[in-house]
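Notes follow once the structure below has been shown.
2 protein chains.
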Amino acid sequence: MSAPIEFYFDFSSPYGYLGSEKIDALAAKHGRAVDWRPVLLGVVFRQTGAVPLTEVPIKGDYSRRDFPRSAKFHGVEGFRMPTKFPIPTQAPARIVLWTKAHAPARTAAVVHALYRAFFHEDVDISRPDLAAKAAAKAGVDEAAVRAAIDDPAVKDALKSENERAMAAGVFGSPFTIVDGEPFWGVDRFDQVDRWLATGGW
Amino acid sequence: MSAPIEFYFDFSSPYGYLGSEKIDALAAKHGRAVDWRPVLLGVVFRQTGAVPLTEVPIKGDYSRRDFPRSAKFHGVEGFRMPTKFPIPTQAPARIVLWTKAHAPARTAAVVHALYRAFFHEDVDISRPDLAAKAAAKAGVDEAAVRAAIDDPAVKDALKSENERAMAAGVFGSPFTIVDGEPFWGVDRFDQVDRWLATGGW
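Note that the protein sequences, when read in sequence, are chains P and A.
Count along the first sequence starting at 1, add 107, and that's the number in this note's numbering.
Count along the second sequence starting at 1, add 107, and that's the number in this note's numbering.
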């Protein structure tokens with residue numbers, strides 16, 4: 108079995124959400140697993156000087172039009188912009204790290220449950236209690252993931268994850284790395300698909 | 108005949124170049140003409156606070172990897188990063204505006220000749236003499252287009268074009284508008300294609 112596809116994402120990223128809905132099938136098509144890597148774009152952006160997309164003049168207006176259009180284009184049903192956006196994403200990111208360590212088979216389901224809570228149901232997953240409740244729908248223990256959000260060890264793990272992501276060149280969401288080759292954006296999934304099929308060009 | 112596709116681009120934009128190589132066929136497929144709209148991203152970026160992509164930490168390194176990879180992915184042969192990059196693009200942009208006014212049938216050929224001079228042959232088309240020489244290969248009069256670069260009326264026309272582009276929401280290159288619907292990037296050409304086929308979704 109080849110190495111897993113590294114899929115970096117921030118829970119407050121609409122394009123990251125779209126990518127999360129497509130990456131399972133893309134990986135499976137090529138016999139790969141997905142390594143789900145939550146990051147905090149707020150921290151990453153300090154390195155690049157970026158600001159949240161929706162807060163950029165002109166470009167922000169475009170992005171609010173492009174999000175639902177791209178969702179429909181990619182066949183992702185149910186997308187709606189959350190009322191509160193962007194949000195800090197430490198809580199859901201820590202839940203994912205805890206899940207990877209303690210219930211790895213549930214990781215994909217937990218990511219999907221959290222993302223859908225935010226981008227379908229307008230649940231503010233920056234709130235620890237709401238994030239834990241959303242994740243529990245994917246079969247992890249609600250009390251355990253709620254506790255993980257405040258666990259210093261999990262907090263440190265997320266900081267380390269962010270450091271590793273930045274060291275690997277991650278600067279946006281979604282960010283996919285296939286055998287060392289980096290692809291930024293769900294709009295590079297067509298290139299990811301061909302790269303997986305051909306090993307590069 | 109439906110309205111032309113508005114194709115906004117900056118001559119110093121690698122993704123604009125890739126778009127320029129694809130837009131003719133995409134438009135023709137749907138029975139549309141292309142309205143070539145050169146803009147100056149340097150002016151546009153003042154509104155959004157953007158800086159040239161290659162100058163952004165981390166993201167710049169990625170972009171230098173993504174340019175040739177995307178060129179190959181899109182089947183665009185001969186791409187190479189120019190030695191001097193980015194460049195100011197008043198000279199080639201003014202040549203295009205002159206051509207649209209005085210030899211409109213040559214417009215696409217002039218755009219292609221200028222873009223290829225820069226991104227294939229490493230010609231510094233920010234230099235008026237070199238831009239005029241490159242454009243002349245597409246069948247326009249070299250002395251006439253060289254004079255256009257210094258013509259106050261053409262200079263004013265380019266300023267007006269930039270104002271109109273920004274008023275239309277253009278903030279990057281390439282930027283394609285189809286019947287009022289905006290699409291940023293050559294990586295939205297798949298959406299442009301479907302939009303032209305279906306009239307939206």
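Ideal Cβ placement from N, Cα and C applies to all residues, glycine included.
Does any residue of chain A bring its CB to less than 8 Å from the CB of residue i?
i	result
P:T161	no
P:P289	yes
P:F192	no
P:K166	yes
P:F225	no
P:F278	yes
P:R301	yes
P:T155	yes
P:D294	yes
Whole angstroms are fine: how far does the CA of residue j sit from the CA of residue i?
i	j	result
P:L148	P:G246	27 Å
P:F282	P:E270	15 Å
P:P199	P:A238	6 Å
A:T190	P:T190	46 Å
A:T305	P:R144	37 Å
A:V277	A:F296	16 Å
P:V293	P:G123	7 Å
A:G126	P:D236	47 Å
A:L303	P:L204	43 Å
A:E228	A:R234	14 Å
P:E249	P:V230	16 Å
A:V299	A:K136	12 Å
P:V141	A:A251	58 Å
A:W291	A:I284	9 Å
P:Q154	P:M188	27 Å
P:R201	P:A272	15 Å
A:P193	P:K240	50 Å
P:A260	P:A208	12 Å
P:R301	A:G182	13 Å
P:E184	A:A216	42 Å
P:V262	P:F186	The residue asked about is misnamed: residue 262 of chain P is Lys in this sequence, not Val. Approximately 30 Å, taken between the alpha carbons.
A:F118	A:D168	20 Å
A:I232	P:R139	45 Å
P:A275	P:R171	29 Å
A:P289	A:H219	23 Å
A:P121	A:P159	11 Å
Here's the rule: buried if 16 or more other CB atoms are within 10 angstroms of the residue's CB, otherwise exposed. What is residue i?
i	result
A:T206	buried
P:T196	buried
P:D286	exposed
P:A242	buried
A:S280	buried
P:W308	exposed
P:S267	exposed
P:S109	exposed
A:A157	buried
P:D173	buried
P:A134	buried
Could you confirm whether any beta carbon from chain P is found closer than 8 Å to the beta carbon of residue i?
i	result
A:T214	no
A:K122	This sequence places Tyr at residue 122 of chain A; Lys is not what is there. Judged by the 8 Å Cβ criterion, A:Y122 is not in contact with chain P.
A:Y115	no
A:D248	no
A:W308	yes
A:Y222	no
Do residue i and the ligand PLP come close, with the Cβ less than 7 Å from some heavy atom?
i	result
A:A134	Because no ligand of any kind appears in the structure shown, any question about the ligand PLP cannot be addressed here.
Would you check if the region 112-126 of chain P and the region 208-217 of chain P touch, i.e. whether three or more CB-CB distances between them fall below 8 Å? At 8 Å Cβ cutoff, the stretches do not touch.
Can we say the region 173-189 of chain A touches the region 130-142 of chain A, given the rule of at least three CB pairs closer than 8 Å? no
Please list the residues of the region 172-203 of chain A that have a C-beta atom closer than 8 Å to any C-beta atom in chain P, keeping them in chain order. R172, D173, R176, S177, K179, F180
Three CB pairs or more closer than 8 Å across the region 245-263 of chain P and the region 139-158 of chain A: no
Across the region 156-166 of chain A and the region 219-226 of chain A, are there enough close Cβ pairs to call them in contact, namely three or more that are closer than 8 Å? no
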